[in-house]
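Encoded as structure tokens, the structure appears first; notes follow it.
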Amino acid sequence: MTQADFVSLVMPFKDKVFRLAKRLLVSREEAEDATQEILLKLWNNKQKISDYNNVEAFSMTMTKNFCLDRLKSKQAQNLKIVHSNYQDNSHSSLQKQVEARDSVDWVSSIIETLPEQQKIIVQLRDIEQYDFAEISKMLDMNETAIRVALSRARKTIREKLTNTHSYGIK
Amino acid sequence: MVLNNIENLLERYDNAETTLQEEAQLRAYFSSDNVAPHLEHYKPLFVYFTNTQQEAFTKDVPLNTKKKTRLYQWISVAAVAVIMLGIMIPQAFGPSEQEKEEALLAYNKAMDALSLISIGMNEGKEQLNTLSLVSDNFENGRQGASRLNEFNKAKSRIFKNN
Chain A
1 MTQADFVSLV MPFKDKVFRL AKRLLVSREE AEDATQEILL KLWNNKQKIS DYNNVEAFSM
61 TMTKNFCLDR LKSKQAQNLK IVHSNYQDNS HSSLQKQVEA RDSVDWVSSI IETLPEQQKI
121 IVQLRDIEQY DFAEISKMLD MNETAIRVAL SRARKTIREK LTNTHSYGIK
Chain B
1 MVLNNIENLL ERYDNAETTL QEEAQLRAYF SSDNVAPHLE HYKPLFVYFT NTQQEAFTKD
61 VPLNTKKKTR LYQWISVAAV AVIMLGIMIP QAFGPSEQEK EEALLAYNKA MDALSLISIG
121 MNEGKEQLNT LSLVSDNFEN GRQGASRLNE FNKAKSRIFK NN
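These protein sequences, in sequence, are chains A and B. First residue of the first sequence: 1, per our numbering; consecutive thereafter. First residue of the second sequence: 1, per our numbering; consecutive thereafter.
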């Protein structure tokens, strides 16, 4: 497998790997390092790549495991908390833009407070839009368990978001 | 009607029962500008999902082949080989037992010859001692002769005065 083949194989999902890593590790730098590490691991095992029937799902599983390991390790203790760069494309008034930015940042910090498992599922389902069969393959869980976890996560997010919206409680 | 549908979808969304298509429908509804006021608080959630989807990995990944590390491995192998040869060669090509004995014999012979020469030298030095004794006596004689000379001067002065 040449470098070009590898790049074209990896291209469709490298951003997804990065976003999942960022969801778990929070810091952009950490997530970049993790993504690099995972792509290099794939590259070094490129002979075996054709044996995997779904490289993307395999990579996502690898990312999940790698990031959880990193969170456990001591190196992760000096993680920086950096919020995602939010871009507002709407053409509403400044007041509304500021408000929207605040609540969107708030969504990201609500998701940060979820347990790791739910974080991963929300990331895979709501952001990357994988179907439940794929997620269950990636996480090695059955679909019902995933649905339950996702439902809990969504309800938690909605509850906190509603509180913030109605009473400004953070 | 549309609102009813959306509320229904949201209910099912919270129970994680929606399909991907229905979720796309929800996203499309909340990214539009006419969101019903009582559903306003859902908006940031779906806006956030849509925005986050666009975040991309921009860092370059160096896809090196492993040639460099292999070169280092071979250099270390070569270094070990050189050290081994450095130890082996002097042992393999050094002097044998017989050669050592011959060398010892030659050394002893040379020592014998040298000690013979040294004995001869010592004898010669003793003869030199007698020679220096002779030279001492000669010096004494010379001093005696110089005294005789003084005596002659004094004698001539006496005879002149007479």
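Glycine included, each C-beta is placed from N, C-alpha and C at the ideal position. Keep in mind it's a predicted model, so treat the numbers as computed, not measured.
From the DSSP output, in three-state form, read off S136 (chain A) for me. As a working mapping, residue 136 (chain A) is identified with position 136 in the first sequence. The answer is helix: DSSP assigns S136 (chain A) an H, G or I state.
Suppose the cutoff is 6 angstroms on Cβ atoms and the five residues either side in sequence are ignored; what does the same chain contact list for V148 (chain A) look like? Here residue 148 (chain A) refers to the residue found at position 148 when the first sequence is read from its first residue. So the list is empty, once near-sequence residues are dropped.
Closer than 7 angstroms by C-beta to I127 (chain A): which residues in its own chain qualify, once you throw out the five before and the five after it? Chain order, please. On the first sequence, position 127 is the one that residue 127 (chain A) refers to. Contacts found: R19.
Which runs of the alpha helix (DSSP H) fall wholly inside the segment 66 to 132 of chain B and span at least 4 residues, in chain order? 67 to 93
Which value, in whole angstroms, describes the spacing of the CA atoms of Q143 (chain B) and L105 (chain B)? Within the second sequence, residue 143 (chain B) is the residue found at index 143, counting from 1. Within the second sequence, residue 105 (chain B) is the residue found at index 105, counting from 1. The straight-line gap from Cα to Cα measures roughly 58 angstroms.
Boundaries (first-last residue) of the alpha helix (DSSP H) holding K41 (chain A): Translated into positions along the first sequence, residue 41 (chain A) becomes position 41. Looking at the DSSP string, the run of the alpha helix (DSSP H) that includes K41 (chain A) is R28 to N44.
As assigned by DSSP and simplified to three states, the class of L48 (chain A): In the first sequence, counting from the first residue as 1, residue 48 (chain A) sits at position 48. First, the amino acid is wrong: residue 48 (chain A) is Lys here, not Leu. Correct three-state label for K48 (chain A): coil.
Mind checking if F57 (chain B) is an interface residue toward chain A, Cβ cutoff 8 angstroms exclusive? Translated into positions along the second sequence, residue 57 (chain B) becomes position 57. Answer yes: the Cβ-Cβ gap between F57 (chain B) and chain A drops below 8 angstroms somewhere.
Considering just the uninterrupted stretch of the alpha helix (DSSP H) at Y13 (chain B), what are its terminal residues? Within the second sequence, the letter at position 13 stands for residue 13 (chain B). V2 to D14 is the span of the alpha helix (DSSP H), which, as asked, contains Y13 (chain B).
Which residues of the segment 108 to 128 of chain A have a Cβ closer than 7 angstroms to any Cβ of chain B? Give them in chain order. S108, D126 and I127
Do L39 (chain A) and K14 (chain A) have their C-beta atoms closer together than 8 angstroms? Within the first sequence, numbered from 1, the residue matching residue 39 (chain A) stands at position 39. Within the first sequence, numbered from 1, the residue matching residue 14 (chain A) stands at position 14. In contact: L39 (chain A) and K14 (chain A) (Cβ atoms closer than 8 angstroms).
Evaluate N89 (chain A) with the Cβ neighbour count: other Cβ atoms within 10 Å of its Cβ, from every protein chain shown; 16 or more gives buried, anything less gives exposed. Along the first sequence, read from residue 1 onward, the residue named residue 89 (chain A) stands at position 89. The pLDDT assigned to N89 (chain A) is 49, lower than 50, so where the model puts this residue is not dependable, and the model offers no usable value.
Kindly say whether V131 (chain A), judged by its beta-carbon, lies nearer than 8 angstroms to any beta-carbon of chain B. The count along the first sequence starts at 1 and reaches residue 131 (chain A) at position 131. Correcting the residue identity first, residue 131 (chain A) is Asp in this sequence and not Val. Closer than 8 angstroms to some Cβ of chain B, the Cβ of D131 (chain A) qualifies, so yes.
Between the alpha carbons of D102 (chain A) and Q73 (chain B), how many angstroms are there, rounded? Translated into the one-based positions of the first sequence, residue 102 (chain A) becomes position 102. Translated into the one-based positions of the second sequence, residue 73 (chain B) becomes position 73. C-alpha separation (whole angstroms): 56 angstroms.
When the Cα atoms are used, what is the spatial distance from A154 (chain B) to S146 (chain B)? As a working mapping, residue 154 (chain B) is identified with position 154 in the second sequence. As a working mapping, residue 146 (chain B) is identified with position 146 in the second sequence. The straight-line gap from Cα to Cα measures roughly 13 angstroms.
Pull up the CB-CB distance for I111 (chain A) and L139 (chain A), whole angstroms please, since I reckon it's below 8 angstroms. Taking the first residue of the first sequence as position 1, residue 111 (chain A) is located at position 111. Taking the first residue of the first sequence as position 1, residue 139 (chain A) is located at position 139. That belief does not hold up - the Cβ atoms of I111 (chain A) and L139 (chain A) are roughly 17 angstroms apart, past 8 angstroms.
Measuring CB to CB, does Y48 (chain B) end up less than 8 angstroms from F30 (chain B)? Locating residue 48 (chain B) in the second sequence gives position 48, counting from the first residue. Locating residue 30 (chain B) in the second sequence gives position 30, counting from the first residue. Against a cut-off of 8 angstroms, the Cβ pair of F30 (chain B) and Y48 (chain B) comes out as no contact.
How far does the alpha helix (DSSP H) with T18 (chain B) in it reach, from first residue to last? Residue mapping note: residue 18 (chain B) aligns to position 18 of the second sequence, counting from 1. No alpha helix (DSSP H) contains T18 (chain B), which DSSP labels as neither H nor E.
Can you give me the start and stop residues for the alpha helix (DSSP H) that L71 (chain A) sits inside? The sequence position of residue 71 (chain A) within the first sequence is 71, counting from 1. It spans V55 to K72 - the alpha helix (DSSP H) in which L71 (chain A) sits, taken as one unbroken run.
Alpha carbon of M180 (chain A) to alpha carbon of V17 (chain A), nearest angstrom: Here chain A comprises residues numbered 1 to 170, so residue 180 (chain A) is not present and cannot be evaluated.
For the segment 10 to 21 of chain B, enumerate the residues whose C-beta is nearer than 7 angstroms to any C-beta of chain A, in chain order. Y13, D14, N15, A16 and L20
Determine the extent of the alpha helix (DSSP H) in which F57 (chain B) is found, giving its start and end residues. Looking up residue 57 (chain B) in the second sequence gives position 57. Element bounds for F57 (chain B): n/a, residue is neither H nor E.
Is any beta-carbon of chain B found at less than 8 angstroms from that of F157 (chain A)? As a working note, residue 157 (chain A) is residue 157 in the first sequence. This sequence places Ile at residue 157 (chain A); Phe is not what is there. Yes - at least one Cβ of chain B is within 8 angstroms of the one on I157 (chain A).
Counting only beta-carbon atoms, is D15 (chain A) nearer than 8 angstroms to chain B? Translated into the one-based positions of the first sequence, residue 15 (chain A) becomes position 15. So yes, D15 (chain A) belongs to the interface.
Ordered along the chain, which non-local residues of its own chain (more than five positions away) have a Cβ less than 6 angstroms from that of A21 (chain A)? Counting from 1 along the first sequence, the entry for residue 21 (chain A) is found at position 21. Around A21 (chain A): A31, A34, T35, T63 and C67.
Residue closest to D5 (chain A), alpha-carbon to alpha-carbon, out of A:L150, A:K46, A:S27 and A:R23: The residue you call residue 5 (chain A) lines up with position 5 of the first sequence. Checked all of A:L150, A:K46, A:S27 and A:R23; the closest Cα to D5 (chain A) is A:K46.
Along chain B, which residues have their Cβ under 8 angstroms away from the Cβ of Q3 (chain A)? Counted from its first residue, the first sequence places residue 3 (chain A) at position 3. Chain B residues near Q3 (chain A): L63.
Contacts of S151 (chain A) in chain B (Cβ-Cβ under 7 angstroms): By one-based count along the first sequence, residue 151 (chain A) stands at place 151. Those within 7 angstroms of S151 (chain A) in chain B are D14, N15 and A16.
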